[in-house]
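Trainee:
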Amino acid sequence: MMRKIVYVLAGALCVFLVDPAPPQPDGRTIHVVGDLTTADRVVILVPGVDTTPANFHTGLGGMIERAPAWQAARLAETMTTLDPHRRVAVIAWLGYDPPEGIGWSAARGARARTGADALLGFVDGLTAGHPTRTIAIVGHSYGSTVAGLAAPRLPAAVTDLVAIGSPGLGGASSVAELRTTARVWAGASPGDWTRRIPGMRVLGFGHGAKPTDPGFGALPLPAGDVAGHDGYFRAGTSSLRALARIGVTR
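Under this note's numbering, residues 2 to 251 are what the sequence shown spells out, in order.
#1: Whole-angstrom Cβ separation of Gly229 and Gly188, contact assumed at under 8 Å?
#2: Could you give the residue range of the beta strand (DSSP E) that holds Gly140?
#3: Between the C-alpha atoms of Asp252 and Arg235, what's the straight-line distance to the nearest angstrom?
#4: I think Thr1 touches Ala137, with their Cβ atoms under 8 Å apart; what is that distance to the nearest whole Å?
#5: For Pro26, I'd like the list of residues in its chain whose CB is within less than 6 Å of its CB, leaving aside the five on either flank, ordered along the chain.
#6: Output the distance between the C-alpha atoms of Arg114 and Ala151, rounded to the nearest integer angstrom.
#7: Which of the three DSSP states, helix, strand or coil, is assigned to Ala219?
#8: Considering only the beta carbon of each residue, do Gly144 and Val33 sit closer than 8 Å?
#9: Counting only runs of 4+ residues fully inside the stretch 68-101, write out the alpha helix (DSSP H) ranges in chain order.
#10: If you draw a straight line from the C-alpha of Trp194 to the C-alpha of Ile165, how long is it?
#11: For Thr181, which of Gly49, Ile31, Phe57, Pro156 has the nearest alpha-carbon?
#12: Taking the C-alpha atoms as reference points, what is the distance between Met80 and Arg246?
#13: Pick helix, strand or coil for Ala129, following the three-state DSSP scheme.
#14: Can you look up Ala177 in the DSSP assignment and give me helix, strand or coil?
#15: DSSP state of Gly104, grouped into three classes?
#16: On the DSSP bridge list, what partners appear for Arg1?
#17: Could you pull out every residue in the same chain whose Cβ sits closer than 8 Å to the Cβ of Arg134, ignoring the five residues on either side in sequence?
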């Protein structure tokens, strides 16, 4: 049974939705900052490993910068500062069951493929009845693998696909192999641990080339001042400013 709570916070319409039905034992959680009834530009944040409904608002281990709901709020705030007149919404989307921990499941793409199917269905729902709406997808960590596997089937309404702290986009070795009309961006902080993951896929393990590799062909997202794997949405960072610019650009 789907449960939905709609509330207003700081002038923004927010939605909290939980669906504990199988096959996703941890449930699905979606948090919206903005008004989806009027937004003509929507940004979807896809989180990665160890994200659950239990830590969706607080972050794993209480680290708020890992909380998708907090990330969505920071991005929406920065987008509004850049362009107060744009009708935008930011969605933190946990519509799949990410792997737990950095183990065999995280090294394989099974959950990412299931997540990609769910993401495509979610995007279709956002564009239905909104022919002029455009969408940007921001995948963090394993969430970028989900976005990469969805890329070939994304509609033209998705104009931007952003990978931050990415272990790979599902086996693609270049932007051309993603077969998407969206602009593809990639960034990783100097201290992001995903930089140490080999950019390959062998016998079903690994997620392919790093989208930050120059030969991949992605547009560079600045992240030189970002701390570690979880600081991309921290106030004042070049990455947050860049994400906000993408968010307000059709």
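Think of the CB as a built atom: it goes at the ideal place given N, C-alpha and C, for glycine as much as any other residue.
Mentor: Per the coordinate set shown:
#1: The pair is not a contact, with the Cβ atoms about 13 Å apart (cut-off 8 Å).
#2: 135-141
#3: Residue 252 is absent from the model: the chain starts at 2 and stops at 251.
#4: In the structure displayed, the chain extends from 2 to 251; residue 1 sits before or after that span and is not available.
#5: Low confidence applies to Pro26: its pLDDT is 48, below 50, so where it sits in the model is not reliable, and the reading given next is rough at best. Cβ within range, chain order: n/a, list empty.
#6: 8 Å
#7: coil
#8: no
#9: 69-83
#10: 12 Å
#11: Pro156
#12: 7 Å
#13: coil
#14: helix
#15: No answer about Gly104 holds up, because its pLDDT of 48 lies below 50 and its placement is not dependable.
#16: It is not possible to answer for residue 1, since the shown part of the chain is limited to 2 through 251.
#17: Ala40, Asp41, Arg42, Val43, Leu127, Thr128, Ala158
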